[in-house]
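In our numbering, the protein residues as written are 1 to 374.
Report on the following structure.
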Amino acid sequence: MRYQYDAIVVGGGVIGGAIAYNLAKRGIKVLLLEKDRLASKSSGAAAGMLAAQAELDGVGPLFQLARKSRAMFTRLADEIKGTSGIDIELINKGMLKVAINEQEQQEYKRFIAIQRQSGDQADWLTGEEVREKEPALSQDIIGAMLLDKDGHVEAPQLTLGLLKSAAVLGVVIKEYVEVYDFQFTKERVTGVVTSEGDFTSENVIVAGGAWSKKLLSKTGIQLETHPVKGECFSIVTHRPLLTSTIFSHGCYLVPKKGGRIIVGATVKPRTFNPKVTIEGISFLMENAKKLMPSILEAELEQTWAGIRPQTADGYPYLGEHPVYKGLFIATGHFRNGILLSPITGEIISDLVEGKSTSVNLAPFRVDRLVKQLV
């Protein structure tokens, strides 16, 4: 049996959810397919940082894309709450990118100068000022970048909020439906072949994260991407230890409500193995202890891991397939999937509608890093 839609989104994570939601707002009839549970992969595992300035140095197209996307979250939070009733728990209490040696201090001061030239707010705090702001932090911290605009959300809530808002607006969502292949007429996509039959559409968007590469190999291309496992753990305390998100080279600490802190994340490339290892959690614990010694007294809540899609140059793929019209690709966001989800949803929706976008997509085009399969 065949079912006709205006667009089919493959992937039930934050990127797929953002695309489906944006398409639905434009009155487009959308089907979203997820081979497992919604938000069950990296979107559900993320700490939810909106680290446009902390993650990126302040130059280049990815930084500009991240800034645009970060600015969309206040409105998006209101939209999702109003449509689905889900609170994405947007927190804008700033971020401290801390330095523990002179080399990091000089590097971060250079970043501050660059980011100020770009029009962003960034300031330097001495070690004493850092501890005045966050008394639980270590004496080993000699200073920090203060980034007032970087914040965080609850990643699973954002993902489910986008998806459930999309459903309210008419998107048909099917879990546990795997896409096996695509259907084409000449050089135009016409649908997908799935575990529940065929679904037809002249617009198909692949937003399957680290699993996109395998599916897209059916189209004769091989994306230059690889999976990267990130392990995390969370702790809880009766009295909150932090108000600001703490970002360092060794780990990050993201304070959530109820005295909860998420600590992440390891970087283990080229594996789809989701198991949490003693090695990974021990590494994070040692680095977290150096930043905040009192974490030793906290209660360990849980551990988990997510598999993130990384590209060879660190830029996501955003655009149309180099051969087949109507087949769009949105993957490779690595550690910035949560942050880049609003702008990605808008960009892909513009492309589906044949509109020009507000972003120069040349650095993110699909054909920049692909291999043709024989």
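The beta carbon of each residue, even a glycine, is placed where N, CA and C say it ideally should be.
Which residue wins for smallest C-alpha separation from Leu-241, given the options Ala-298, Asp-150 and Asn-203?
Ala-298
Rounded to the nearest angstrom, what separates Ala-362 and Glu-128 at their Cα positions?
44 Å
Using DSSP with H/G/I as helix, E/B as strand and the rest coil, what is Asp-181?
strand
Pull up the DSSP beta-bridge partners for Pro-309, would you.
Pro-227
Between which two residues does the alpha helix (DSSP H) harbouring Pro-342 extend?
337-352
Which residues does DSSP list as the beta-bridge partners of Pro-316?
Answer is none; Pro-316 lacks a bridge partner.
Sub-8 Å separation of Lys-133 and Phe-247 beta-carbons:
no
What's the C-alpha gap between Met-1 and Thr-194?
Residue confidence is low: Met-1 scores 45 on pLDDT, short of 50, so the model does not pin down where it sits. Its coordinate-derived value is still stated next. Roughly 11 Å between the two C-alpha positions.
Determine the closest residue to Leu-23 out of Ile-343, Asn-360 and Arg-365, with distance taken between C-alpha atoms.
Ile-343
By how many angstroms is the C-alpha of Leu-351 removed from the C-alpha of Ile-28?
13 Å
With H, G and I counted as helix, E and B as strand and the rest as coil, what does DSSP make of Glu-196?
coil
Tell me the residue span of the alpha helix (DSSP H) that contains Met-285.
278-291
Strictly by DSSP, which residues pair up with Leu-32?
Val-9 and Ile-173
Distance, Gly-13 Cα to Leu-32 Cα
10 Å
Bridge partners for Thr-331 per DSSP, in chain order?
Tyr-317
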